[in-house]
Amino acid sequence: MKVKPNQFKNLERMLGIKTEQIDAIKVIIELQDKTLVIENPSVLKMTQQGQEIYTVIGSAKEQVKEQKVEISDEDVKFVMEQTGKSENEVREALQKTNGDIAQAILLLTGGENKG
């Protein structure tokens, strides 16, 4: 059975659904570890009983997020004391190791065992 556009509009009206085409240029969806970007999407907004539903159609491109780890001054000081390296070197090593102190020390000392 083929549904005609007028029939669909009548059904929407009966069910209390309002639809609206959105002229979006880009849709961005932020996830924990990445971002999805949909360029030139087709976006339809439906409203029913006060709730809004957005349908997005298009091809998403993934962008991996660079996670910035907060490094405490205490961690920096400790690693500096253990390795004898500068604050900048220590902060960079802690960022590379996502704040893992032991891994940062190993990275800075080339795996040497310092007692």
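Each residue of the sequence shown is one higher than the one before, counting from 15 in this note's numbering. Glycine is no exception: its CB is placed at the ideal position from the N, C-alpha and C atoms.
According to DSSP, residues forming a beta bridge with residue i
i, result
"Leu58", "Gln35, Thr69"
"Glu51", "The residue asked about is misnamed: residue 51 is Val in this sequence, not Glu. Answer by DSSP bridge pairing, in chain order: Ile42, Lys75."
Span of the beta strand (DSSP E) around residue i
i, result
"Lys40", "40 to 44"
"Gln77", "74 to 78"
Top-ranked residue by Cα proximity to residue i, from the options
i, options, result
"Val90", "Val78, Glu103, Lys79", "Glu103"
"Ile42", "Lys32, Gln35, Asn54, Asp87", "Asn54"
"Val51", "Ala38, Asn24, Gln63", "Ala38"
Environment of residue i [buried if 16+ CB atoms lie within 10 Å]
i, result
"Lys18", "exposed"
"Asn112", "exposed"
Distance, residue j Cα to residue i Cα
i, j, result
"Met94", "Gln117", "13 Å"
"Thr61", "Gln77", "31 Å"
"Leu25", "Lys40", "30 Å"
"Ser56", "Gln109", "39 Å"
Contact test: residue i Cβ vs the ligand MG heavy atom, cutoff 7 Å
i, result
"Ile52", "As far as ligands go, the structure on display features none, and thus does not contain the ligand MG."
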